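Protein chains in written order, with our numbering: chain Z, 2 to 114; chain U, 2 to 114.
In this text, a Cβ means the ideal position worked out from N, Cα and C, and glycines have one as well.
What you are looking at is a predicted structure, and each value in this text was computed from that prediction instead of being measured.
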DNA sequence: CAAAGATACATAAGAAACCAATGCATTTAC
DNA sequence: GTAAATGCATTGGTTTCTTATGTATCTTTG
């Protein structure tokens, strides 16, 4: 991650769950590109962070996988399970709560920032 | 930290620099209480995180220390150096930038969250 | 058509940052 | 007089991320 890497710590699962909540299925490389595009290159997920986290989400039962072949190339799609959908919402409100707490603590004015 | 501990990772230095920017001198225990109070108990700094971070800030030349005795009890005050003051502002705008990026990525509405 | 770059998966070793636990000592409140 | 609060600090372990590496296919460009 190029932009403020220390700040982003702990938010990766939240990002992944939200992306998968908005898109019925996505694969790893697609996720990296989508995040890069949506953040104007400010967040670039590395594979070393992405894949272990996706595997962890799968083991927690929050995502399911589905393999497709594009020619001979493997592509592994990830989708949210029902548990993943509710977890996604939990994570989002948790993050919103966190940001509001930090706004008070840091006296931030986010409208002009 | 009681509240969303994984999210708070990486924000501790920012919190400390901001508090010290607003208060000319503070000591460790005072910081933990102030943060607890300002966040309605949602963020409780642990000593294991706090003291190493304060020491790191001191070694980076961002804070200076000053020991006082209250009766026989030692109290170690921390203050921002000039470098610490500008670093504080950098960290704050970096965090604001980060939040705005995440708002886009997560499609957050922070007014009602 | 060869080479470079993009696409696509993945793991391993190490660093960074935090948490829980522990330790020591003084002061205050019941 | 003892429990809780005040006040400093370190240690060991875990989680999470970064950097580096590995394998393989497809596309573009000179």
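For the alpha helix (DSSP H) that residue i lies in, which residues bound it at each end?
{"i": "residue 91(U)", "result": "83-107"}
{"i": "residue 32(U)", "result": "29-39"}
{"i": "residue 20(U)", "result": "13-23"}
{"i": "residue 9(U)", "result": "6-9"}
{"i": "residue 60(Z)", "result": "48-60"}
So, residue i versus residue j, is the Cβ gap smaller than 8 Å?
{"i": "residue 156(U)", "j": "residue 93(Z)", "result": "There is simply no residue 156(U) to check, as chain U begins at 2 and stops at 114 in what is shown."}
{"i": "residue 32(U)", "j": "residue 51(U)", "result": "yes"}
{"i": "residue 35(Z)", "j": "residue 20(Z)", "result": "yes"}
{"i": "residue 102(U)", "j": "residue 12(Z)", "result": "no"}
{"i": "residue 63(U)", "j": "residue 85(U)", "result": "yes"}
{"i": "residue 18(Z)", "j": "residue 87(Z)", "result": "no"}
{"i": "residue 73(U)", "j": "residue 28(U)", "result": "no"}
{"i": "residue 58(Z)", "j": "residue 14(Z)", "result": "yes"}
{"i": "residue 99(U)", "j": "residue 55(Z)", "result": "no"}
{"i": "residue 44(Z)", "j": "residue 4(Z)", "result": "yes"}
Which first and last residues belong to the beta strand (DSSP E) in which residue i is found?
{"i": "residue 69(Z)", "result": "64-71"}
List the DSSP bridge partners of residue i.
{"i": "residue 77(U)", "result": "68(U)"}
Exercise. When Cβ atoms are compared, which residues of the segment 5-23 of chain U fall closer than 9 Å to chain Z?
Worked result: Residues passing the 9 Å Cβ filter: 5, 6, 7, 8, 9, 10, 11, 12, 14, 15, 16, 19, 20, 23.
Problem set entry | Residues, ordered as in the chain, of the segment 30-63 of chain U that lie near chain Z by beta-carbon distance below 9 Å | Residues 36, 39, 40, 41, 43, 44.
Problem set entry | Within 8 Å of chain Z by C-beta, residues of the segment 70-100 of chain U in sequence order | Residues are counted here when their Cβ sits less than 8 Å from a Cβ of chain Z; for the segment 70-100 of chain U these are 93, 94, 95, 96, 97, 98, 99, 100, given in chain order.
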